[in-house]
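Here the structure is laid out as C-alpha cells; the discussion comes afterwards.
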Amino acid sequence: MSTSYNHFSARRISAVGAEISGIDVGKPLAPGALEELRHALAANEVLFFQKQSFDAEGQLNLARGFGEISLYPIEALFGSAEPGLQVIVDDADNPPEVDLWHTDVSWLPRPPSAAFLSCLEAPAYGGDTMWSSTSLAYEALSPSMQELLSGLECIHSCHGDFVEIATRKSGIPELGERIREAYPEQTHPLVRTHPESGRRSLFVTDRGVMRCIAGLPKSESDALLDFLDAHVAEPRFQVRWRWGLSQLAIWDERTTLHRGVSDHYPLRRVIRRCTIDGEVPFFDPNRLEDPSYARAEAL
C-alpha cells in the first residue's frame, strides 16, 4: 500500500518503514517537499531511498532541513565545534560492535531526534541494518502494563560499555574518566510522547546503557527491563534493510531501535551517518495521537 504525497510516494514495506520513490533528495527540493518528508518520517518511523545522487555535503544539507546536526559527544570532548558526518568502517581490522538493539546516545539530556545513514561500500553479503518500532511495541502491551510503565523513569548512563569501547578504540587511558565527568547519568521517562505525532512509544535502549528504573528495587527493575528487552526485539515490530550503493535511510530515533547486523564480518562495509539534535524526552498523559500521522498498512 502506498501513500501519495505531492512530491513523492511512500510504500510501506513492513510493520515499520516505508520506501520513498519519486524524489531525489540529493537535488534541491521543491517547496513543501521537506515538510512532507518530515511528516512521512513521523508517520512511518523509517524512510528508505534508492538511487539517490547526494554526496557528503548533500547528506548534510538534507539533514539540516530536519533540525540542528548533532556534535558527536566524543568529538565535543576533543574540542570540535563543527557538527558533521561520522564515517564508520567495518572490516577485518575494525570488527562491528553495534549488533544489538539500541537508540543513539540516549544518555544525553537531549538525545537525537533523527538519524541519516548512507552506504559508501557494501559487502558482498550481510551487513544489513534492522529497525524495531518502539511505538508498535508499546501499543502491543496490555492497558495495565501501559499504565504501569507510563509512570516510570529510567536512568541512562554511558559509564559502562560505551566508556570501555571508546577508551579501547582511542588508546587514551584517561578518556573514560573524561567521558564520565562530561556526561553524567540522565533520567528519562520509560514511555515518551512524540512531539509531532503525539504517538506514545517505549523509550528503551540496550541494557548496557539502561542502568535501572528509578525508585524500584533492583529485582523489580531487572524484571521489567528484561521483559522490555525481549518484547521490543520481537520480529512483528521490525524491518530489515539490505544495503546497496546510493541508498539512504532516515529514521526517527524517538520511536525506533536499530542494530547493525554483523554477519558480513570480516568483509568491509563503510557507512556515513549524522544525527539531529532532539528535545528533552517527555511524557504527556493528556496528549492524543494526531490522526493525520496514521500508519499506512504494509503490503
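Residue numbers (my numbering): 4 to 302. Even glycine gets a Cβ: it sits at the ideal position worked out from N, Cα and C.
The three-state reading of DSSP puts THR258 in coil, since its state is none of H, G, I, E or B. At the C-beta level, CYS161 and TRP110 come within 8 Å of one another.
Secondary structure of HIS105 (DSSP, three-state): strand. In this structure the stretch 115-129 touches the stretch 260-278; the number of beta carbon pairs closer than 8 Å is three or more. Taking the CA atoms as reference points, MET148 sits about 41 Å from ILE26. TYR186 counts as buried, since at least 16 other C-beta atoms from the protein chains shown sit within 10 angstroms of its C-beta. Looking only at PHE51, PHE81, LEU193, PHE165, the smallest Cα-Cα distance to GLU100 is reached by PHE165. The three-state secondary structure of THR190, taken from DSSP, is strand. About 5 Å separates the Cβ atoms of LEU139 and PHE240, confirming a contact at the 8 Å cut-off.
Between the beta-carbon of LEU260 and that of THR106 there is about 6 Å, and that keeps the pair under the 8 Å contact cut. With a cutoff of 8 Å on beta-carbon distance, PHE52 and THR196 are scored as not near each other.
Here the stretch 124-135 lies against the stretch 247-257, with 3 or more beta-carbon pairs under 8 Å apart. Leaving aside the five residues that flank LEU227 on each side, the residues in its chain whose CB is nearer than 7 Å to its CB run, in chain order, ILE216. Setting aside the 5 residues that flank it on each side, GLU85 is surrounded in the same chain by LEU74, each with a C-beta closer than 8 Å to its C-beta; the list follows chain order. One thing to note: ASP96 has its Cβ no nearer than 8 Å to the Cβ of TRP244. The beta carbon of GLY129 sits closer than 6 Å to those of ASP266, HIS267, all from its chain and outside the five residues before and after it, given in chain order. Just measuring C-alpha positions, the residue of GLU48, ALA66, GLY87, PRO98 sitting nearest ARG271 is PRO98.
Taking every protein chain shown into account, the CB of GLU256 has 16 or more other CB atoms within 10 angstroms, so this residue is buried. Here GLY263 carries a strand assignment [DSSP, helix/strand/coil].
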